[in-house]
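Report on the following structure.
In this note's numbering, the protein residues as written are 338 to 538.
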């Protein structure tokens, strides 16, 4: 089994629902977004189109971040999910340099949302557990997936632009969409073999 995600660029309307639901699920610090949406313009004037490009960790089959990690903190989990063990991470940030997609964040200093009003959400949340000096990233909401739920970004996309499933199962919805709609990987030439595919707009 290899978990993967398909993002339909034709359906994405740039509402940022995925970005905000991910932030709420993981209670990430200010300025940290495991799921991001960037705007891109395609075509040439006057025939241009605004395209929204959702980004996240691509959970590569050949992850350079795992190879670069000197402690083994960056590792591959069930279903090909690339994750970080915060008890092993020493914060050297070699994995951040190795990731070609900019999908990792360093939890440096406390940056509270509400001043001195007690613990910040990310200090009491799952994931990094508020541990500072470690690298944080998307893990496909593996705890939700193991409970039979979709990742937060998939479950909260109002346009149903995201589909999650098993890339190794040819009968799964993600495999069918990739096959029928010509799904492509971002920067496939890098040889990382991402587990996230995009359907053309």
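Each residue gets a CB set at the ideal place from its N, CA and C atoms; glycine is no exception.
Roughly how far, in whole angstroms, is the beta-carbon of residue 437 from the beta-carbon of residue 527, given that I think they are within contact range, below 8 Å? Counting from 1 along the chain shown, the entry for residue 437 is found at position 100. Counting from 1 along the chain shown, the entry for residue 527 is found at position 190. Their Cβ separation, rounded to whole angstroms, is 6 Å, which keeps residue 437 and residue 527 in contact under 8 Å.
Give me whichever residues DSSP pairs with residue 495 in a beta bridge. Working through the chain shown from its first residue, we reach residue 495 at position 158. The partner list for residue 495 (beta bridge, DSSP) is empty, contrary to what the question assumes.
Leaving aside the five residues before and after residue 386 along the sequence, list all residues of the same chain whose C-beta is less than 6 Å from its C-beta, in chain order. The residue given as residue 386 occupies position 49 in the chain shown. Counting only Cβ-Cβ distances below 6 Å, and skipping sequence neighbours, we find 379 and 380.
When DSSP builds the beta bridges, which residues end up paired with residue 392? Counting from one through the chain shown, the residue named residue 392 turns up at place 55. BP columns for residue 392 point to 373.
Let me check understanding here. Comparing Cα to Cα, which of 355, 382, 507 and 383 lies closest to residue 322? Since the first residue of the chain shown is 338 and the last is 538, residue 322 is not available in this structure.
Around the C-beta of residue 521, are 16 or more other C-beta atoms found within 10 angstroms, so that it is buried, or is it exposed? Sequence index remark: in the chain shown, residue 521 carries index 184 (1-based). Residue 521 is exposed by the Cβ-count criterion.
Let me know the secondary structure DSSP gives residue 427 once reduced to three states. Position 90 of the chain shown, counted from the start, is the residue given in the question as residue 427. Residue 427: coil per DSSP, three-state reduction.
Beta-carbon spacing of residue 353, residue 477 below 8 Å: By one-based count along the chain shown, residue 353 stands at place 16. By one-based count along the chain shown, residue 477 stands at place 140. Contact: no.
Sorted by chain position, which residues of the same chain lie with C-beta nearer than 7 Å to residue 345's C-beta, five sequence neighbours on each side aside? The residue you call residue 345 lines up with position 8 of the chain shown. Closer than 7 Å at the Cβ level, and outside the excluded window around residue 345, lie 498 and 536.
C-beta contact flag for residue 474 and residue 512 at 8 Å: As a working mapping, residue 474 is identified with position 137 in the chain shown. As a working mapping, residue 512 is identified with position 175 in the chain shown. It is not a contact, given that the beta carbons lie outside the stated cut-off.
Can you tell me whether residue 362 is buried or exposed? The criterion is at least 16 other CB atoms within 10 Å of its CB, across all chains shown. The count along the chain shown starts at 1 and reaches residue 362 at position 25. So residue 362 ends up on the buried side.
As a quick exercise: from 514, 530, 506 and 495, pick the residue whose alpha carbon is nearest that of residue 349. Here residue 349 corresponds to residue number 12 of the chain shown, with the count starting at 1. Per the Cα distances, 495.
Among 444, 471, 523 and 372, which has the Cα closest to the Cα of residue 410? Mapped onto the chain shown, residue 410 falls at position 73. Closest option to residue 410, Cα to Cα, is 471.
Pop quiz: residue 502 and residue 509 are said to be a contact at Cβ under 8 Å. What is the actual Cβ separation, rounded to whole angstroms? Position 165 of the chain shown, counting from 1, holds the residue named residue 502. Position 172 of the chain shown, counting from 1, holds the residue named residue 509. 4 Å between Cβ atoms; contact.
Helix, strand or coil: which one does DSSP assign to residue 464? For the purposes of this step, residue 464 is identified with residue 127 of the chain shown, where counting begins at 1. Note that residue 464 scores a pLDDT of 46, beneath 50, so its modelled location is shaky and nothing firm can be said.
Please state the DSSP three-state secondary structure of residue 519. Looking up residue 519 in the chain shown gives position 182. Residue state, collapsed to three classes: coil.
With a cut-off of 8 Å on the beta carbons, I'd call residue 408 and residue 421 a contact; round off their distance for me. As a working mapping, residue 408 is identified with position 71 in the chain shown. As a working mapping, residue 421 is identified with position 84 in the chain shown. Going by Cβ atoms, the distance from residue 408 to residue 421 rounds to 10 Å, so no, they are not a contact pair.
Every unbroken beta strand (DSSP E) within the stretch 398–447, with a cutoff of 3 residues, ordered by chain: 411–413, 419–421 and 441–444
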